[in-house]
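Structure record follows, encoded as structure tokens.
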Amino acid sequence: MAKAPTKKQKQDDRQLIRIFDTTLRDGEQAPGNSMNIEEKLRVAKQLQKMNVDVIEAGFPIASEGDFEAVKLVAQQIKGPQIAGLCRSSEKDIDRAWEALKYAGERGRIHTFIATSDIHMKYKLKMEPAKVLAAAIKAVKRAASYTPNVEFSCEDAVRTRLPFLAEVVEAVIDAGATTVNIPDTVGYTIPFEYFNIITYLKENVRNIDRAVISVHCHNDLGLSVANSIAAVQAGARQVECTINGIGERAGNCSLEELVMALRTRHDILPFTTSVATDQLTPASRLLTNITGIAVQPNKAIVGANAFAHEAGIHQHGMMMDKSTYEIMTPESVGLSASSLVLGKHSGRHAFKKRLEELGHDLDEDKLNRAFERFKTLADLKKEVFDEDLDAIAVDESREDVKYRLGHITVTCGSFAVATATVQLEIDGQPVRTAELGDGPVDATLKAIKKLTKTKAKLLQYNVGSITGGTDAQGEVTVRVAEGNHTVVGKGSSTDIIEASAKAYVHALNRLNYKQKRLSESL
Ligand code: KIV
Ligand code: ZN
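In the numbering used here, the protein residues as written are 38 to 558.
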């Protein structure tokens, strides 16, 4: 028989803040952040390693791709609970459970409906009584599949408090075990949000039967502060995303919230289960996948977050790190670029290092990545973690439609640049040559001709992954067609090849997005 929890365990549980990560759902909805199934699974594996409590893997009814992604995450990820979002309709809930059932009792149905006057009147065109009835019905339906049901009152912050309390009480009676009080439009401030949570604690009869969750958007730059205020008022689950990505100005940033709770434990006596040394790897993985970099001064994971530039600061740091450092770089998983492998390193050491960096490649991809590493190690004296990250990210892509073959370029101060490019399109090899205004232009023109794309190249950036003229170049392109904008990335010691890879990557992502849209409801 299971032992009854001790007083200390009960106390610890009261102070434990559950981390609900919605990078793969709310985060992925944001422009430029869409991920394919295989990319979502990689992020989910990193979230598992980081030990978050819940992974919201998607919105199963939104499209076939979303459904498959939630199902795959539910099948493969062990440890965290897996949530899937659904509106308060039977069709949505049934579809969500179809994908989530593979996680067994770790599967969580997350259903929602808007409760503010603005949303009920203009968006739903429903009377409050109808909204209340729909919420109860949805939760009952979800609870018929699993006891693990979360209900969200969309736009809770702009909802009349007595109605908010009425809905929350009713859905708990109907079977919700987590009640989420989102600041959907990023409108609240800490003091007000604290009072909303306090109001619910004081006015909802059965509130102790559910975990209070918060979900803050960052339109006023207050999402982390608001989430902390809610925790102080009694919320015990925070919904957040890696790098704070999400609709509009984004969501509460997971790394900022977790490190604020850890660093200010003296006045915020709460804990999370997050392995904080996985925060930097998670941030980098997401950046590598989406191609969207975080600003250099971003708290916790920005390139300058632990850089001390001013002489007076450097002097203080040399005397004692605590002068200017409130947390260590190691605590967030940041270590100085280290020389990891050389040309004599074997496949085993290579594979192990990739795994430590969060890359889990299958045999084929690993072989290709290892070949590239060997070539790079021959060209470059030193191979860094960042180089390995770039190779692994490139090689782990499922470039389903277009795959880059060979490129030959002739150029010079007198010659007209010419590029001959070979691609595979749906497995069929094709080849063409184009002239251009420089070798990059000629190469991209040849790819454009072969793929017959109508997409517009909006942005082209080139940078280097590490220092030195032998460094790998990294190219990022932004490409748009119709309503879709995507980012593509490619790396190589040859900048022309890196450009071609980035462009092909972007076209594959565009193709995936267009396909997903044509499947969606
Ligand atoms: O912002 C929001 O209200 C949401 C809900 C669906 C939880 O994302
Ligand atoms: Zn949201």
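Here a beta-carbon is modelled for each residue, glycine too, at the ideal position from N, C-alpha and C.
Per-residue burial, residue i [other beta carbons within 10 Å of its own, 16 or more giving buried]
i: D426; result: buried
i: D357; result: exposed
i: N550; result: At residue 550 the sequence reads Lys, which differs from the Asn that was named. Answer is buried; the Cβ neighbour count reaches 16.
i: N545; result: buried
i: D303; result: exposed
i: K417; result: buried
i: F451; result: exposed
i: Q118; result: buried
i: Y230; result: buried
i: K77; result: buried
i: R409; result: buried
i: F104; result: buried
i: H385; result: exposed
i: L559; result: Residue 559 falls outside the range modelled here, since the chain spans only 38 to 558, and no answer is possible.
i: G475; result: exposed
Residue(s) in a DSSP beta bridge with residue i
i: E400; result: Answer is none; E400 lacks a bridge partner.
i: E93; result: A120
i: N288; result: H254
i: C277; result: D58
i: V523; result: V516
i: E511; result: G500 and S528
i: C190; result: I150
i: A454; result: G473
i: Q459; result: R468
i: I218; result: V251
i: G383; result: Looking at the DSSP assignment, G383 forms no beta bridge with any residue, so it has no partner.
i: T447; result: T455
i: G69; result: DSSP lists no partner for G69.
i: L198; result: Answer by DSSP bridge pairing: none, since L198 is not bridged.
Neighbourhood of residue i by C-beta, 7 Å cutoff - its chain only, sequence neighbours within 5 removed
i: L161; result: A151 and V168
i: M163; result: M157
i: R299; result: T313
i: S529; result: Q509, G510, A535 and K538
Contacting residues, own chain, Cβ-Cβ under 8 Å from residue i (five flanking each side not counted)
i: D314; result: E367, S368, V369 and G370
i: S374; result: For S374, the predicted structure reports a pLDDT of 49, less than 50, and the residue's modelled location is therefore unreliable. A value from the coordinates is still provided. F421, D422, E423 and T503.
i: D478; result: A454
i: E187; result: A120, R145, I146, H147, T148, A213, T214, T215, V216, N217 and S250
i: G223; result: C253, H254, N255, D256, L257, L259, S260, R285 and A286
i: A470; result: T455, A456, T457, V458 and A483
Beta-carbon contacts of residue i that lie in its chain and below 6 Å, excluding the five residues immediately before and after
i: E432; result: K402, R405 and A406
i: V541; result: Y439 and L441
i: N498; result: T513
i: A543; result: V514, V516, V523 and G525
i: S153; result: D192, R195 and T196
Contact test: residue i Cβ vs the ligand MG heavy atom, cutoff 6 Å
i: D103; result: The model depicted lacks the ligand MG and carries the ligand KIV and the ligand ZN instead.
Using 8 Å as the Cβ pair cut-off and three pairs as the minimum, do the segment 315-326 and the segment 265-273 touch? no
Which parts of the segment 308-367 are runs of the beta strand (DSSP E), unbroken and 3 residues or longer, counting only runs that do not cross its ends? none
Are the segment 218-233 and the segment 173-181 in contact at 8 Å, needing three or more beta carbon pairs? no
Taking contact to mean 3 or more Cβ pairs, one atom from each stretch, closer than 8 Å, check whether the segment 121-136 and the segment 93-112 are in contact. yes
For the 8 Å Cβ check, are there 3 or more pairs between the segment 501-517 and the segment 443-463? no
Quick one: any contact between the segment 104-117 and the segment 83-91, if contact means 3 or more CB pairs under 8 Å? yes
What residue ranges within the segment 123-181 form continuous alpha helix (DSSP H) runs of no fewer than 4 residues, ordered along the chain? 127-137 and 165-180
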